[in-house]
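Input: a single structure, listed below in structure tokens.
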Amino acid sequence: MTTTALPESRFAVARQVADAVLFEGYVLYPYRASAAKNRLRWQFGVLVPPAWGPAHDEHSFQRTELVMEPRGAATLAVELRFLHAQRRTVEEARADGSFAAVPELHLPDRVLVPWDEGTEERVEMTVPVAELEEAEVSLPFVRPAREETEPVLGADGQVVGRLVRRTERADGVLRLRAEQLDVPYRAFKLTVVVENTSDWTPGAEGADAADRDAALPRSLVAAHLLLGLSAGSFLSMTDPPEWAKPAVAACANLHTWPVLAGEPDSADVVLSSPIILEDHPGIAPESIGAMYDATEIDEILALRTAALTDQEKREARGTDARAAAVIDLAETMPPEVLERLHGAVRALREITDPGAPTPESFPELFDEETVFRPDTPWWDPAHADPADPARDRILIDGTSVGPGSRVLLRPGLRRTDAQDLFLQGAAAQVEAVLHDVDGGVHLAVTVEGDPGADIRREQGRFLYFQPDEVAPLEDA
Numbered sequence: 003m004t005t006t007a008l009p010e011s012r013f014a015v016a017r018q019v020a021d022a023v024l025f026e027g028y029v030l031y032p033y034r035a036s037a038a039k040n041r042l043r044w045q046f047g048v049l050v051p052p053a054w055g056p057a058h059d060e061h062s063f064q065r066t067e068l069v070m071e072p073r074g075a076a077t078l079a080v081e082l083r084f085l086h087a088q089r090r091t092v093e094e095a096r097a098d099g100s101f102a103a104v105p106e107l108h109l110p111d112r113v114l115v116p117w118d119e120g121t122e123e124r125v126e127m128t129v130p131v132a133e134l135e136e137a138e139v140s141l142p143f144v145r146p147a148r149e150e151t152e153p154v155l156g157a158d159g160q161v162v163g164r165l166v167r168r169t170e171r172a173d174g175v176l177r178l179r180a181e182q183l184d185v186p187y188r189a190f191k192l193t194v195v196v197e198n199t200s201d202w203t204p205g206a207e208g209a210d211a212a213d214r215d216a217a218l219p220r221s222l223v224a225a226h227l228l229l230g231l232s233a234g235s236f237l238s239m240t241d242p243p244e245w246a247k248p249a250v251a252a253c254a255n256l257h258t259w260p261v262l263a264g265e266p267d268s269a270d271v272v273l274s275s276p277i278i279l280e281d282h283p284g285i286a287p288e289s290i291g292a293m294y295d296a297t298e299i300d301e302i303l304a305l306r307t308a309a310l311t312d313q314e315k316r317e318a319r320g321t322d323a324r325a326a327a328v329i330d331l332a333e334t335m336p337p338e339v340l341e342r343l344h345g346a347v348r349a350l351r352e353i354t355d356p357g358a359p360t361p362e363s364f365p366e367l368f369d370e371e372t373v374f375r376p377d378t379p380w381w382d383p384a385h386a387d388p389a390d391p392a393r394d395r396i397l398i399d400g401t402s403v404g405p406g407s408r409v410l411l412r413p414g415l416r417r418t419d420a421q422d423l424f425l426q427g428a429a430a431q432v433e434a435v436l437h438d439v440d441g442g443v444h445l446a447v448t449v450e451g452d453p454g455a456d457i458r459r460e461q462g463r464f465l466y467f468q469p470d471e472v473a474p475l476e477d478a
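The sequence shown runs 3 to 478 under our numbering.
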């Protein structure tokens with residue numbers, strides 16, 4: 003056994019998805035430590051110290067089982083990846099040269115606050131498959147405790163504080179074994195166990211026995227595996243060949259799920275993830291970068307992030323370097339990149355021939371004069387018909403209402419959008435009066451006092467209400 007992994011290129015494609023797994027939920031919109039949903043951290047693949055887990059319904063190990071068909075003197079490369087939580091505290095410089103812990107440290111471009119950061123850790127090994135047949139192979143590993151300080155400089159270059167990062171010791175073990183199967187082909191059931199072996203106990207160092215925050219720095223967070231065969235292939239857990247279906251069904255995967263990864267149509271790399279994926283998962287080509295919140299789509303996150311106030315952005319930048327990168331990404335995104343995020347429909351490719359020529363490659367089959375090509379597609383608001391003054395205003399309770407009018411919002415109970423109910427009684431400005439193809443009328447509005455109103459106007463993203471859901475107010 004060696005601790006040398008397969009060439010980096012073997013895992014390169016799979017690692018793109020593995021990175022998304024590693025940082026899934028790392029920091030959630032609105033990317034501030036003060037946000038309620040960022041106060042309970044680390045949700046996926048958390049392997050806690052064994053003395054803490056059972057009483058709190060969390061796990062100290064994960065087990066991956068799958069079927070592989072190695073060829074010849076094949077070797078198996080294993081890469082365990084996880085985050086090691088490190089606690090960051092903020093200290094302010096005093097006049098006497100000492101430092102004192104503070105809940106916030108205000109700087110011109112950000113507000114620093116205490117926060118748990120995650121550092122990426124890897125445990126790598128390569129072992130001949132033949133060696134796994136003879137006996138279980140184990141690789142214990144330790145990540146020692148450490149403490150680091152980073153000075154914080156003010157606008158004048160003077161030290162105004164420091165960040166203190168403390169990392170607790172984390173212990174674990176990687177166990178592998180292979181069992182030859184009684185099938186017509188040379189195949190093995192591979193079992194890989196990742197286990198937290200920390201001897202830390204609840205209540206140690208004065209910590210509350212029910213305090214998850216005390217267990218997390220000793221945990222393996224977002225733990226997952228990359229497996230690669232130098233020769234041979236793994237079998238899909240969801241679409242195995244007929245002869246292997248009983249063997250695949252007998253595999254017991256606990257707290258993780260293995261899928262084929264790497265290049266499409268290849269089967270020599272597996273990603274075993276605490277998040278269930280399909281075979282050969284991939285990052286969408288339209289993706290603009292990591293946003294750490296896969297419960298939303300990039301388009302929504304980018305727009306919402308751009309609409310944060312300057313103060314909220316300062317807090318996000320001070321929360322974490324990755325949150326700061328998301329803020330910068332949203333602020334500098336060109337319109338053509340944002341447009342790329344809207345409306346990708348890949349499901350149609352399963353219906354049409356994926357090998358068919360693209361529209362750009364079609365020969366010109368028709369004469370331009372015989373093909374109907376409308377100059378203003380109905381779906382493009384930017385090229386809609388010129389404004390019609392008679393349709394730009396409507397009567398509500400005997401008052402003419404149109405762009406610039408002020409109205410009082412009173413959403414009807416028939417509406418299914420619960421967020422509209424929070425705007426009950428709020429004042430808003432009408433931005434447009436819209437008529438749909440069925441003759442319905444809708445008012446596009448922005449809420450008064452909304453700090454993102456200017457951005458919403460620029461992007462054409464409004465709230466919509468029907469005439470009976472508003473009451474006219476005196477125009478400003």
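Just so you know, even glycine gets a beta-carbon here, dropped at the ideal spot from N, CA and C.
Terminal residues of the alpha helix (DSSP H) in which residue i lies
| i | result |
| --- | --- |
| G163 | No alpha helix (DSSP H) contains G163, which is instead part of the beta strand (DSSP E) from V161 to T169. |
| E135 | V131 to E136 |
| Q461 | A455 to Q461 |
| Q313 | D312 to T321 |
| E301 | D300 to A308 |
Simplified DSSP state of residue i, which is helix, strand or coil
| i | result |
| --- | --- |
| V50 | coil |
| Q468 | coil |
| D382 | Any reading at D382 must be qualified, since the residue scores a pLDDT of 47, below 50, and its modelled position is unreliable; no value is offered. |
| V15 | helix |
| H61 | strand |
| R342 | helix |
| P142 | strand |
| N255 | coil |
| G55 | coil |
| P248 | helix |
| D215 | helix |
| E366 | A caution first: E366 carries a pLDDT of 42, below 50, which makes its placement in the model too unreliable to give a value. |
| L423 | helix |
| T334 | helix |
| L2 | Past the edges of the chain, shown from 3 to 478, lies residue 2, and the structure says nothing about it. |
| V449 | strand |
| A286 | coil |
| V115 | coil |
| R148 | strand |
| R324 | helix |
Member of the options whose CA lies at the smallest distance from the CA of residue i
| i | options | result |
| --- | --- | --- |
| I277 | A308, G291, L227 and T151 | L227 |
| L256 | W54, R41, L68 and R342 | L68 |
| R306 | L340, E280, P243 and G284 | L340 |
| S274 | A20, A137, L155 and Y33 | A20 |
| A304 | Y33, L24 and A16 | Y33 |
| E471 | Q426, D440, T448 and E338 | Q426 |
| M70 | A97, P243, D456 and Y31 | P243 |
| F467 | A446, R96, Q461 and E450 | A446 |
| P153 | V104, A22 and A95 | A95 |
| I302 | R463, G264 and D456 | R463 |
| G404 | Y294, L436 and P219 | L436 |
| L176 | T128, V104, A157 and A35 | T128 |
| D312 | P453, H344, S36 and G291 | P453 |
| E149 | D456, E450 and A87 | A87 |
| K481 | H58, P72, G414 and Y28 | In the structure as shown, the chain begins at 3 and stops at 478. Residue 481 is therefore absent and cannot be evaluated. |
| T258 | G47, A22 and V15 | G47 |
Contact check, residue i vs residue j, beta carbons under 7 Å
| i | j | result |
| --- | --- | --- |
| S402 | R412 | no |
| A217 | W54 | yes |
| P474 | V409 | yes |
| A254 | L49 | no |
| S238 | D281 | yes |
| G174 | L222 | yes |
| R171 | P146 | yes |
| L178 | V194 | yes |
| L229 | V161 | no |
| T448 | S232 | no |
| V166 | T91 | yes |
| R89 | R17 | no |
| S235 | D270 | yes |
For residue i, the first and last residue of its enclosing beta strand (DSSP E)
| i | result |
| --- | --- |
| A263 | Unbroken run through A263: none, as it is neither H nor E. |
| L82 | T77 to A95 |
| T193 | F190 to N198 |
| Q431 | A429 to H437 |
| R179 | A172 to Q182 |
| A224 | V223 to L231 |
| R408 | R408 to L411 |
Sufficient close CB pairs (3 or more, under 8 Å) joining the stretch 118-136 to the stretch 80-88: In short, these stretches touch, since the Cβ pair count reaches three.
For the 8 Å Cβ check, are there 3 or more pairs between the stretch 304-323 and the stretch 33-45? In this structure the stretch 304-323 touches the stretch 33-45; the number of beta carbon pairs closer than 8 Å is three or more.
Counting pairs of beta carbons, one from the stretch 282-292 and one from the stretch 424-442, are three or more of them closer than 8 Å? Taking one beta carbon from each stretch, the stretch 282-292 and the stretch 424-442 have fewer than 3 pairs nearer than 8 Å; the two do not touch.
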